[in-house]
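full-length UniProt numbering puts the sequence shown at residues 1 to 184.
Since the structure comes first, as C-alpha coordinates, the remarks are kept for the end.
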Amino acid sequence: MRRVTSSSEINLGYVGRLSEEKGVLDLLNAFSKVACANQTVKLHLVGEGPLREVIETSISASNFRERIILHGHHSSPFSVLQEINAIVVPSHYEGFGLVYYEALARNHVVIASDLPSFKILPKEKKVFFFPAGDVAQLENSINQFIKNSMKINTIENISPRHTYSSETKMASKYYDFIEEIENA
1 MRRVTSSSEI NLGYVGRLSE EKGVLDLLNA FSKVACANQT VKLHLVGEGP LREVIETSIS
61 ASNFRERIIL HGHHSSPFSV LQEINAIVVP SHYEGFGLVY YEALARNHVV IASDLPSFKI
121 LPKEKKVFFF PAGDVAQLEN SINQFIKNSM KINTIENISP RHTYSSETKM ASKYYDFIEE
181 IENA
(Lines of atoms letter the chains of each structure in order from A and count residues from 1; the text may use other names and numbers.)
(Lines give C-alpha, C1' and ligand atoms only; values in the text may rest on other atoms or scores of the structure.)
Protein backbone atom coordinates (compact mmCIF):
# COMPACT_ATOMS: atom_id res chain seq x y z
CA MET A 1 0.00 0.00 0.00
CA ARG A 2 1.05 3.52 -0.56
CA ARG A 3 2.27 5.07 2.68
CA VAL A 4 0.69 8.28 3.86
CA THR A 5 2.62 10.79 5.91
CA SER A 6 1.54 14.16 7.23
CA SER A 7 3.31 15.86 4.33
CA SER A 8 1.96 13.64 1.54
CA GLU A 9 -1.23 13.85 -0.44
CA ILE A 10 -4.15 11.78 0.81
CA ASN A 11 -6.38 10.47 -1.97
CA LEU A 12 -9.89 9.22 -1.26
CA GLY A 13 -11.82 7.37 -3.95
CA TYR A 14 -15.46 6.67 -4.70
CA VAL A 15 -16.59 4.13 -7.30
CA GLY A 16 -20.24 3.82 -8.15
CA ARG A 17 -23.42 5.21 -9.54
CA LEU A 18 -23.85 8.93 -8.94
CA SER A 19 -27.25 8.57 -7.29
CA GLU A 20 -28.96 9.40 -4.02
CA GLU A 21 -28.97 5.88 -2.55
CA LYS A 22 -25.21 5.58 -3.02
CA GLY A 23 -24.60 8.46 -0.60
CA VAL A 24 -22.35 10.40 -2.96
CA LEU A 25 -23.84 13.76 -1.87
CA ASP A 26 -23.15 12.80 1.75
CA LEU A 27 -19.56 12.13 0.72
CA LEU A 28 -19.23 15.55 -0.95
CA ASN A 29 -20.62 17.26 2.17
CA ALA A 30 -18.29 15.35 4.50
CA PHE A 31 -15.32 15.90 2.20
CA SER A 32 -15.84 19.68 2.14
CA LYS A 33 -15.57 19.72 5.94
CA VAL A 34 -12.52 17.45 5.97
CA ALA A 35 -10.86 19.52 3.23
CA CYS A 36 -11.21 22.69 5.34
CA ALA A 37 -8.94 21.18 7.98
CA ASN A 38 -6.64 19.17 5.73
CA GLN A 39 -4.99 20.77 2.72
CA THR A 40 -3.51 17.49 1.44
CA VAL A 41 -6.72 15.53 0.91
CA LYS A 42 -8.25 14.92 -2.54
CA LEU A 43 -11.41 13.13 -3.63
CA HIS A 44 -11.66 11.07 -6.84
CA LEU A 45 -15.16 10.16 -8.06
CA VAL A 46 -15.50 7.38 -10.64
CA GLY A 47 -18.96 6.77 -12.07
CA GLU A 48 -21.98 8.22 -13.83
CA GLY A 49 -25.59 8.68 -12.88
CA PRO A 50 -28.56 10.98 -12.45
CA LEU A 51 -26.77 13.26 -9.96
CA ARG A 52 -23.85 14.08 -12.25
CA GLU A 53 -25.03 17.63 -13.03
CA VAL A 54 -25.78 18.31 -9.35
CA ILE A 55 -22.32 17.02 -8.44
CA GLU A 56 -20.63 19.09 -11.16
CA THR A 57 -22.45 22.20 -9.91
CA SER A 58 -21.50 21.40 -6.32
CA ILE A 59 -17.86 20.92 -7.29
CA SER A 60 -17.81 24.17 -9.30
CA ALA A 61 -19.26 26.11 -6.34
CA SER A 62 -16.85 24.51 -3.89
CA ASN A 63 -13.75 26.13 -2.45
CA PHE A 64 -12.07 22.76 -3.04
CA ARG A 65 -12.87 22.24 -6.73
CA GLU A 66 -9.20 21.62 -7.56
CA ARG A 67 -9.21 18.77 -5.03
CA ILE A 68 -12.35 16.98 -6.27
CA ILE A 69 -11.76 15.04 -9.49
CA LEU A 70 -14.77 13.66 -11.38
CA HIS A 71 -13.41 10.89 -13.61
CA GLY A 72 -16.75 9.77 -15.07
CA HIS A 73 -17.43 6.19 -16.13
CA HIS A 74 -14.53 3.78 -16.63
CA SER A 75 -14.74 0.15 -17.70
CA SER A 76 -11.93 -0.62 -15.24
CA PRO A 77 -12.53 1.84 -12.38
CA PHE A 78 -9.92 0.47 -10.00
CA SER A 79 -7.20 1.08 -12.58
CA VAL A 80 -8.01 4.80 -12.24
CA LEU A 81 -7.67 4.49 -8.48
CA GLN A 82 -4.24 2.87 -8.14
CA GLU A 83 -2.89 5.71 -5.99
CA ILE A 84 -5.93 5.91 -3.74
CA ASN A 85 -5.32 5.61 -0.01
CA ALA A 86 -8.92 4.68 0.89
CA ILE A 87 -12.12 3.83 -0.95
CA VAL A 88 -15.28 5.42 0.48
CA VAL A 89 -18.55 3.47 0.18
CA PRO A 90 -21.22 5.76 1.69
CA SER A 91 -24.27 3.79 0.47
CA HIS A 92 -27.61 4.19 2.23
CA TYR A 93 -28.47 0.60 1.31
CA GLU A 94 -26.87 -2.23 -0.69
CA GLY A 95 -27.65 -5.75 -1.73
CA PHE A 96 -24.18 -7.26 -1.87
CA GLY A 97 -21.87 -4.26 -2.17
CA LEU A 98 -19.54 -5.30 -4.97
CA VAL A 99 -17.36 -2.16 -4.78
CA TYR A 100 -16.84 -2.70 -1.04
CA TYR A 101 -15.69 -6.31 -1.46
CA GLU A 102 -13.63 -5.61 -4.58
CA ALA A 103 -11.83 -2.79 -2.72
CA LEU A 104 -11.02 -5.19 0.14
CA ALA A 105 -9.91 -7.88 -2.30
CA ARG A 106 -7.55 -5.32 -3.83
CA ASN A 107 -6.19 -4.44 -0.37
CA HIS A 108 -7.64 -0.95 -0.11
CA VAL A 109 -8.57 0.61 3.19
CA VAL A 110 -12.35 1.15 3.08
CA ILE A 111 -14.51 3.78 4.78
CA ALA A 112 -18.05 2.39 4.60
CA SER A 113 -21.54 2.81 5.92
CA ASP A 114 -22.38 0.19 8.52
CA LEU A 115 -24.74 -1.86 6.39
CA PRO A 116 -25.27 -5.54 7.26
CA SER A 117 -23.98 -6.63 3.85
CA PHE A 118 -20.63 -4.95 4.68
CA LYS A 119 -20.19 -6.58 8.07
CA ILE A 120 -19.77 -10.18 6.93
CA LEU A 121 -16.04 -10.15 7.68
CA PRO A 122 -15.95 -9.21 11.38
CA LYS A 123 -12.16 -9.19 11.76
CA GLU A 124 -11.40 -6.88 8.85
CA LYS A 125 -8.89 -4.32 10.14
CA LYS A 126 -8.89 -2.03 7.15
CA VAL A 127 -12.49 -0.77 7.43
CA PHE A 128 -13.81 2.36 9.11
CA PHE A 129 -17.59 2.08 9.59
CA PHE A 130 -20.06 4.93 10.11
CA PRO A 131 -23.90 4.98 10.35
CA ALA A 132 -25.44 5.10 6.87
CA GLY A 133 -26.61 8.60 5.97
CA ASP A 134 -24.78 10.29 8.87
CA VAL A 135 -22.60 12.97 7.27
CA ALA A 136 -20.98 14.01 10.58
CA GLN A 137 -19.93 10.42 11.30
CA LEU A 138 -18.70 9.97 7.73
CA GLU A 139 -16.56 13.08 8.24
CA ASN A 140 -15.34 11.63 11.54
CA SER A 141 -14.46 8.30 9.88
CA ILE A 142 -12.48 10.07 7.16
CA ASN A 143 -10.63 12.07 9.81
CA GLN A 144 -9.95 8.89 11.81
CA PHE A 145 -8.55 7.28 8.68
CA ILE A 146 -6.27 10.26 8.06
CA LYS A 147 -5.14 10.25 11.69
CA ASN A 148 -4.43 6.52 11.65
CA SER A 149 -3.25 6.19 8.06
CA MET A 150 0.38 5.49 8.90
CA LYS A 151 -0.60 2.58 11.14
CA ILE A 152 -3.04 1.16 8.60
CA ASN A 153 -0.69 1.48 5.66
CA THR A 154 2.09 -0.38 7.44
CA ILE A 155 0.07 -3.50 8.23
CA GLU A 156 2.30 -6.49 7.52
CA ASN A 157 1.70 -9.05 4.79
CA ILE A 158 -0.45 -6.91 2.53
CA SER A 159 -0.23 -8.09 -1.04
CA PRO A 160 0.25 -5.61 -3.87
CA ARG A 161 -2.86 -3.93 -5.24
CA HIS A 162 -4.18 -4.17 -8.76
CA THR A 163 -2.41 -7.37 -9.71
CA TYR A 164 -5.63 -8.87 -11.04
CA SER A 165 -4.92 -8.28 -14.69
CA SER A 166 -7.46 -10.69 -16.10
CA GLU A 167 -11.08 -11.62 -15.53
CA THR A 168 -9.98 -15.17 -14.71
CA LYS A 169 -7.61 -14.01 -11.97
CA MET A 170 -10.24 -11.69 -10.49
CA ALA A 171 -12.93 -14.40 -10.65
CA SER A 172 -10.59 -16.76 -8.81
CA LYS A 173 -9.96 -14.08 -6.19
CA TYR A 174 -13.74 -13.59 -5.74
CA TYR A 175 -14.19 -17.34 -5.33
CA ASP A 176 -11.50 -17.44 -2.62
CA PHE A 177 -13.03 -14.40 -0.95
CA ILE A 178 -16.53 -15.95 -0.90
CA GLU A 179 -15.11 -19.14 0.60
CA GLU A 180 -13.45 -17.02 3.31
CA ILE A 181 -16.81 -15.37 4.07
CA GLU A 182 -18.59 -18.73 4.23
CA ASN A 183 -15.97 -20.07 6.65
CA ALA A 184 -15.95 -16.95 8.89
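For each residue, glycine too, the CB sits at the ideal point set by N, CA and C.
Please read all numbers here as calculations on a predicted model, not as lab measurements.
Output yes or no for whether 9 Å exceeds the beta carbon distance between residue i and residue j.
i: Ile-142; j: Val-34; result: yes
i: Val-88; j: Leu-138; result: yes
i: Leu-28; j: Ile-69; result: no
i: Gly-16; j: Val-99; result: yes
Quick check on the DSSP output: the beta strand (DSSP E) that includes residue i runs from which residue to which?
i: Tyr-14; result: 10-15
i: Ala-61; result: It is not in any beta strand (DSSP E) - Ala-61 instead sits in the alpha helix (DSSP H) that spans 52-61.
i: His-44; result: 41-46
Just mark residue i as buried or exposed, buried being the case when its beta carbon has 16 or more other beta carbons within 10 Å.
i: Lys-119; result: exposed
i: Asp-26; result: buried
i: Asn-148; result: exposed
i: Ile-181; result: exposed
i: Asn-11; result: buried
i: Glu-53; result: exposed
i: Asn-85; result: buried
i: Ser-32; result: buried
i: residue 185; result: The question about residue 185 has no answer, for the chain in this structure spans 1 to 184.
i: residue 229; result: The requested residue 229 is not part of the displayed model; the chain covers only 1 to 184.
i: His-108; result: buried
i: Pro-116; result: exposed
i: Ala-136; result: exposed
i: Ile-158; result: Low confidence applies to Ile-158: its pLDDT is 42, below 50, so where it sits in the model is not reliable, and the reading given next is rough at best. Ile-158 should be labelled exposed.
i: Gly-47; result: buried
i: Ile-59; result: buried
i: Ile-178; result: exposed
If we ignore side chains and look at the alpha-carbon of each, how far apart do residue i and residue j end up?
i: Gly-97; j: Tyr-14; result: 13 Å
i: Leu-18; j: Pro-90; result: 11 Å
i: Ser-75; j: Asn-183; result: 32 Å
i: Arg-67; j: Cys-36; result: 11 Å
i: Arg-65; j: Lys-125; result: 32 Å
i: Tyr-101; j: Asn-38; result: 28 Å
i: Arg-106; j: Asp-176; result: 13 Å
i: Ser-79; j: Gly-72; result: 13 Å
i: Gln-82; j: Ala-61; result: 28 Å
i: Ser-8; j: Glu-20; result: 32 Å
i: Leu-45; j: Leu-121; result: 26 Å
Rounded to the nearest angstrom, how far is the Cβ of residue i from that of residue j, given a contact under 8 Å?
i: Ala-103; j: Phe-129; result: Ala-103 to Phe-129, Cβ: 14 Å. No contact.
i: Gly-133; j: His-92; result: 5 Å
Which residues mark the beginning and the end of the alpha helix (DSSP H) in which residue i is found?
i: Ile-87; result: That residue, Ile-87, is in no alpha helix (DSSP H); its beta strand (DSSP E) goes 86-89.
i: Phe-118; result: It is not in any alpha helix (DSSP H) - Phe-118 carries neither H nor E in the DSSP assignment.
i: Lys-33; result: 24-37
i: Leu-98; result: 98-105
i: Phe-78; result: 77-80
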